[in-house]
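Here is the structure we will look at, set down as structure tokens.
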Amino acid sequence: MPTVNHYLMLSAVLFCVGTAGVFVRRNLITILLSIEIMLNAVNLAFVAFGRAMGTADGQIIVFFVMTVAAAEAAVGLAIVIALFRHRESLDPDTFTQLRW
Amino acid sequence: MHAARRLARAAAGGGALTPLLFAQLALTLFVFVMLLSSAAGMVYVERKVAAMLQQRLGPYLVGPKGLLQPLADVVKLMFKEELRPKAADAFLFALAPIISATCAFAAFAVVPFGAETTLFGLLDEPMPLQVADVNVAILVILAVSSMSVYGIVLAGWSSNSKYSLLGGLRASAQMISYELSLGLALGSILLVGNSLSLTEIVERQSGAWFGIIPRWFVFVQPIAFAIYMLSGIAETNRAPFDFPEAEQELVAGYHTEYSSMSFAMFFLAEYINMVTVAAVATNLFLGGWHGPFLPESLGWMWFLLKVSAILFFYVWMRWTLPRYRYDQLMDFGWKVLLPLAVVNLLATAAGVLYFGA
Amino acid sequence: MLLFYALAAIAVGASLLVIAQRNPIYSVLLLIASFGALSGLYVTLDAPFVAVIQIVVYAGAIMVLFLFVVMLLNAPQEQTEADERLHVLVRSGAMRFGGFLAIALLTELVWALSRTPGASVGFGTDATTAVAAIGRSLFTDYAFAFEVTSVLILVAMVGAVLLARREGA
Numbered sequence: 001m002p003t004v005n006h007y008l009m010l011s012a013v014l015f016c017v018g019t020a021g022v023f024v025r026r027n028l029i030t031i032l033l034s035i036e037i038m039l040n041a042v043n044l045a046f047v048a049f050g051r052a053m054g055t056a057d058g059q060i061i062v063f064f065v066m067t068v069a070a071a072e073a074a075v076g077l078a079i080v081i082a083l084f085r086h087r088e089s090l091d092p093d094t095f096t097q098l099r100w
Numbered sequence: 101m102h103a104a105r106r107l108a109r110a111a112a113g114g115g116a117l118t119p120l121l122f123a124q125l126a127l128t129l130f131v132f133v134m135l136l137s138s139a140a141g142m143v144y145v146e147r148k149v150a151a152m153l154q155q156r157l158g159p160y161l162v163g164p165k166g167l168l169q170p171l172a173d174v175v176k177l178m179f180k181e182e183l184r185p186k187a188a189d190a191f192l193f194a195l196a197p198i199i200s201a202t203c204a205f206a207a208f209a210v211v212p213f214g215a216e217t218t219l220f221g222l223l224d225e226p227m228p229l230q231v232a233d234v235n236v237a238i239l240v241i242l243a244v245s246s247m248s249v250y251g252i253v254l255a256g257w258s259s260n261s262k263y264s265l266l267g268g269l270r271a272s273a274q275m276i277s278y279e280l281s282l283g284l285a286l287g288s289i290l291l292v293g294n295s296l297s298l299t300e301i302v303e304r305q306s307g308a309w310f311g312i313i314p315r316w317f318v319f320v321q322p323i324a325f326a327i328y329m330l331s332g333i334a335e336t337n338r339a340p341f342d343f344p345e346a347e348q349e350l351v352a353g354y355h356t357e358y359s360s361m362s363f364a365m366f367f368l369a370e371y372i373n374m375v376t377v378a379a380v381a382t383n384l385f386l387g388g389w390h391g392p393f394l395p396e397s398l399g400w401m402w403f404l405l406k407v408s409a410i411l412f413f414y415v416w417m418r419w420t421l422p423r424y425r426y427d428q429l430m431d432f433g434w435k436v437l438l439p440l441a442v443v444n445l446l447a448t449a450a451g452v453l454y455f456g457a
Numbered sequence: 458m459l460l461f462y463a464l465a466a467i468a469v470g471a472s473l474l475v476i477a478q479r480n481p482i483y484s485v486l487l488l489i490a491s492f493g494a495l496s497g498l499y500v501t502l503d504a505p506f507v508a509v510i511q512i513v514v515y516a517g518a519i520m521v522l523f524l525f526v527v528m529l530l531n532a533p534q535e536q537t538e539a540d541e542r543l544h545v546l547v548r549s550g551a552m553r554f555g556g557f558l559a560i561a562l563l564t565e566l567v568w569a570l571s572r573t574p575g576a577s578v579g580f581g582t583d584a585t586t587a588v589a590a591i592g593r594s595l596f597t598d599y600a601f602a603f604e605v606t607s608v609l610i611l612v613a614m615v616g617a618v619l620l621a622r623r624e625g626a
């Protein structure tokens, strides 16, 4: 049977994939997707810990993380749309000025 | 899940195929075939009822009273050429109908359609008449139906055609909007039924008040029932809410560019989704397999009857009401149905708190 | 065990492809596949509620939002600038360091995990799978956090509408 460590290792790998995505990609949408990967990696760790300790707390934290992720995605994508309207680009490096 | 777990246990213990396991595998296959044929049957019934309502004859040439018409349709679809637009995204274009059909079949897996049975004494222990007995069945149905949006959106996008894209976008906006009211209507049933398992909710509807009125949740939650039925029509993209494929505006919407079997898969998915919506409505609101006169072991007959009644209602609606305008649909969903569902949920919660479940 | 490795492989593979894809539509779809695998992992952790919520909320709602935006912006492919075609390791500035940082973080995490002796024990038998238990805890112990998230959602909703609205509309 897989142990807590297996799940934590998987969580670590996923988190680093997300981190790499945020650093390496130059597309705002992919960067937001990478953040979702990181959040999910954290969720997996929470559920694994909660299962190991035999409490429901891990699952409840996941519930909150998902709510925050939904809010983050909604606002993030709205910002992406607003930025795209101004610059016709999704490359974060084009948005270097603090004014339009 | 039951069948899978038993299968795993049988494999692990090196045990043979027990009769129960065999019966469950047979049941799964049976449900699959029944769904397939129910879609074909629905097409025939729909055309006949439409003809009746419009004082026409409907299909009558193929077989007695046109009964073999669905078979002829299937053969025709199978032998048609599979076309793909040049500018389409090949992979997604092929994937979209598969997603649609898979989700349609998967949703029915958690729907129970009869009391536990021993198949007339053939089995040692009773078997639930359901492919997978999941204790969060209602959430699974919501999850699968939320996944079926992808089939339609991807079909619309990957076809690379204006009509398809518009149809796909309309479909997804409509399905997401009405999923909220649907979920809230289900929420009030969860409160009354005090469970997430469809089997338990059905069991709570057995018996009758004062010996006459059956304890169906439709009498406790008429508003939730109405919301569920209306959202169900919008979720399955049926008339009068069939904007994703409004033929006068969008040719055929998201499946404009599809032909042959991939078109058949969308068609199949639409009809199976209808059956699933009707089956879930039967379980949640109309007491599932409970009914007077028949013994528990023949409850599936009641179930079949109730599902057929709801399906007939859907067909009736389609051929009686004209299509609304798209903005009317959105207004109705967000400004009428959703607030109503929220108020109903709050009132139900207060009622359950006051009177007890 | 086999199930765990299969699901883990899908999750990691799909996530890697998400950040390797140039077409955002495929990125979104691969991420959904990854979420599906994670949902399966939650089932192996005796958390069916989280597994289903994962599909309903993440795959069914958040990813649809992403797909919508990608379609709305007509899926702009990433600009193929000069350094974009170069190998990851010889790219300029932040991208190179970013890749290295991610790999360094991974080695560090794996190293730390492999040194933790207590974590290699198996799971106990006392799992909290009941949705009722989760709900009770959510509305008693975590009631304040729950209310705060609802305010957060409201604020996000207003913000998103305000941001995405065309000027003058």
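Going line by line, the protein sequences match chains E, C and F. So the first sequence is numbered by the working numbering: it starts at 1 and just counts up by one. So the second sequence is numbered by the working numbering: it starts at 101 and just counts up by one. So the third sequence is numbered by the working numbering: it starts at 458 and just counts up by one. Every residue gets a Cβ at the ideal spot worked out from N, C-alpha and C, and that includes glycine.
Legend entry - Under the three-state DSSP convention, the category C/W416 falls into: As a position in the second sequence, residue 416 of chain C is number 316, starting the count at 1. C/W416 carries a helical assignment under DSSP once its states are collapsed to helix, strand and coil.
Inset, instruction - Could you list which residues in chain F have their beta carbon closer than 7 Å to that of C/L284, in chain order? - result: If you number the second sequence from 1, residue 284 of chain C lands on position 184. In chain order: nothing, as chain F lies at least about 14 Å away.
Legend entry - Residue-chain proximity (F/Y499, chain E), Cβ-Cβ < 8 Å: Residue numbering aside, residue 499 of chain F sits at position 42 when the third sequence is read from its first letter. Answer yes: the Cβ-Cβ gap between F/Y499 and chain E drops below 8 Å somewhere.
Legend entry - Inter-residue Cα distance where the pair is E/A41 and C/V415: As a first step, residue 41 of chain E must be located in the first sequence, where it is residue number 41. As a first step, residue 415 of chain C must be located in the second sequence, where it is residue number 315. Near 46 Å, if we compare the C-alpha coordinates of C/V415 and E/A41.
Inset, instruction - Measure the Cβ-Cβ separation of C/V292 and C/V175 and say whether it is below 8 Å. - result: If you number the second sequence from 1, residue 292 of chain C lands on position 192. If you number the second sequence from 1, residue 175 of chain C lands on position 75. In this structure, C/V292 keeps its C-beta atom at 8 Å or more from the C-beta atom of C/V175.
Inset, instruction - Go through its chain and collect everything with a Cβ distance to C/P185's Cβ below 7 Å, but skip five positions before and after it. - result: As a position in the second sequence, residue 185 of chain C is number 85, starting the count at 1. Around C/P185: S259, N260, S261 and E357.
Legend entry - Nearest neighbour of F/A471, chosen from F/L558, F/Y462, F/L562 and F/S484 [CA to CA]: Translated into the one-based positions of the third sequence, residue 471 of chain F becomes position 14. Closest by C-alpha distance to F/A471, out of F/L558, F/Y462, F/L562 and F/S484, is F/S484.
Legend entry - Neighbour flag for E/A48 against chain F, beta carbons, 8 Å: In the first sequence, the residue the question calls residue 48 of chain E occupies position 48. Chain F, which has a Cβ nearer than 8 Å to the Cβ of E/A48, makes this yes.
Inset, instruction - With DSSP as the reference, label C/W309 as helix, strand or coil. - result: As a first step, residue 309 of chain C is located in the second sequence; it is residue number 209 there, counting from the start. When secondary structure is reduced to three states using DSSP, C/W309 falls in the strand class.
Legend entry - Range of the contiguous alpha helix (DSSP H) that encloses C/D173: What you label residue 173 of chain C is simply residue 73 of the second sequence in a count that begins at 1. In the DSSP assignment, C/D173 falls within the unbroken alpha helix (DSSP H) covering Q169 to F179.
Inset, instruction - Using a Cβ-Cβ cut-off of 8 Å, state whether F/T597 counts as contacting chain E. - result: By one-based count along the third sequence, residue 597 of chain F stands at place 140. No - not a single Cβ of chain E is within 8 Å of the one on F/T597.
Inset, instruction - Write down the C-beta distance between E/N5 and F/L570 rounded to the nearest angstrom, noting that I regard them as a contact closer than 8 Å. - result: Within the first sequence, residue 5 of chain E is the residue found at index 5, counting from 1. Within the third sequence, residue 570 of chain F is the residue found at index 113, counting from 1. Right, the Cβ-Cβ distance comes to about 6 Å (below 8 Å), so this counts as a contact.
Legend entry - Spatial neighbours of C/V442 in its chain, beta-carbon cut-off 8 Å, leaving aside the 5 residues before and after: In the second sequence, residue 442 of chain C corresponds to position 342, counting from 1. Around C/V442: L284.
Inset, instruction - Check whether the Cβ of C/L296 lies closer than 8 Å to any Cβ atom in chain F. - result: Here the question's residue 296 of chain C lines up with position 196 in the second sequence. Chain F, which has a Cβ nearer than 8 Å to the Cβ of C/L296, makes this yes.
Legend entry - Three-state secondary structure assigned by DSSP to C/K406: Indexing the second sequence from 1 puts residue 406 of chain C at position 306. Three-state DSSP puts C/K406 in a helix.
Legend entry - Burial state of F/S607, where buried means 16 or more other Cβ atoms lie within 10 Å: Taking the first residue of the third sequence as position 1, residue 607 of chain F is located at position 150. F/S607 comes out exposed.
Legend entry - Uninterrupted alpha helix (DSSP H) stretches inside the segment 47-100 of chain E (no shorter than 4 residues): Restricted to the segment 47-100 of chain E, the alpha helix (DSSP H) segments that are unbroken, complete and at least 4 residues in length are 57-87, listed in chain order.
Legend entry - Contact between the segment 524-533 of chain F and the segment 62-72 of chain E (3+ Cβ pairs under 8 Å): Taking a cut-off of 8 Å for Cβ pairs, the segment 524-533 of chain F and the segment 62-72 of chain E do not touch, as fewer than three such pairs fall below it.
Inset, instruction - Using 10 angstroms around the beta-carbon of F/R623, count the other beta-carbons present and answer buried if the total reaches 16, otherwise exposed. - result: Walking along the third sequence from the start, residue 623 of chain F turns up at place 166. F/R623 is exposed by the Cβ-count criterion.
Legend entry - Contact with chain F by E/A45, beta-carbon distance below 8 Å: Sequence index remark: in the first sequence, residue 45 of chain E carries index 45 (1-based). No, its Cβ sits nowhere closer than 8 Å to a Cβ of chain F.
Legend entry - Sequence-distant residues of the same chain with beta carbon closer than 8 Å to C/L57, five excluded per side: In the structure displayed, chain C extends from 101 to 457; residue 57 of chain C sits before or after that span and is not available.
Inset, instruction - Please check if any C-beta of chain B sits within less than 8 Å of the C-beta of E/I37. - result: Given the protein chain composition of this structure (E, C and F), no chain B is represented.
Legend entry - Distance CB(C/G388)-CB(C/F403) smaller than 8 Å: By 1-based counting over the second sequence, the position of residue 388 of chain C is 288. By 1-based counting over the second sequence, the position of residue 403 of chain C is 303. Taking 8 Å as the Cβ cut-off, C/G388 and C/F403 qualify as a contacting pair.
Inset, instruction - Identify whether E/A20 lies in helix, strand or coil by the three-state DSSP scheme. - result: Position 20 of the first sequence holds residue 20 of chain E. If DSSP states are grouped into helix, strand and coil, E/A20 belongs with the helices.
Legend entry - Inter-residue CB distance, F/I512 and F/A494 (contact presumed, cutoff 8 Å): Along the third sequence, read from residue 1 onward, the residue named residue 512 of chain F stands at position 55. Along the third sequence, read from residue 1 onward, the residue named residue 494 of chain F stands at position 37. About 11 Å separates the beta carbons of F/I512 and F/A494, which is beyond the 8 Å limit, so they are not a contact pair.
Legend entry - Simplified DSSP state of C/S281, which is helix, strand or coil: Residue numbering aside, residue 281 of chain C sits at position 181 when the second sequence is read from its first letter. Reduced to three states, the DSSP call for C/S281 is helix.
Inset, instruction - Would you kindly check if the distance between the Cβ of C/P197 and the Cβ of C/G251 is under 8 Å? - result: Here residue 251 of chain C refers to the residue found at position 151 of the second sequence. Here residue 197 of chain C refers to the residue found at position 97 of the second sequence. Yes.
Inset, instruction - Could you have a look at C/H390 and say whether DSSP puts it in helix, strand or coil? - result: Locating residue 390 of chain C in the second sequence gives position 290, counting from the first residue. In the structure shown, C/H390 sits in coil (DSSP, three-state: anything other than H, G, I, E or B).
Legend entry - Partners in chain C for F/F506, counting only beta-carbon separations shorter than 9 Å: Residue 506 of chain F sits at position 49 when you count from the first residue of the third sequence. Per Cβ cutoff of 9 Å: V236, L239 and L296.
Legend entry - Status (buried if at least 16 other CB within 10 Å, exposed otherwise) for F/P505: For the purposes of this step, residue 505 of chain F is identified with residue 48 of the third sequence, where counting begins at 1. Its Cβ being crowded by 16 or more others within 10 Å, F/P505 is buried.
Legend entry - Under the three-state DSSP convention, the category C/A139 falls into: Taking the first residue of the second sequence as position 1, residue 139 of chain C is located at position 39. Three-state DSSP puts C/A139 in a helix.
Legend entry - Residues from the segment 3-16 of chain E in contact with chain F, defined by Cβ distance under 8 Å: For chain F, the residues of the segment 3-16 of chain E that bring a beta carbon within less than 8 Å of one of its beta carbons are T3, V4, N5, H6, Y7, L8, M9, L10, A12, V13, L14, F15 and C16, in chain order.
Legend entry - C/T336 versus C/L405: straight-line alpha-carbon distance, rounded: Taking the first residue of the second sequence as 1, we reach residue 336 of chain C at position 236. Taking the first residue of the second sequence as 1, we reach residue 405 of chain C at position 305. Answer to the nearest angstrom: the Cα atoms are 21 Å apart.
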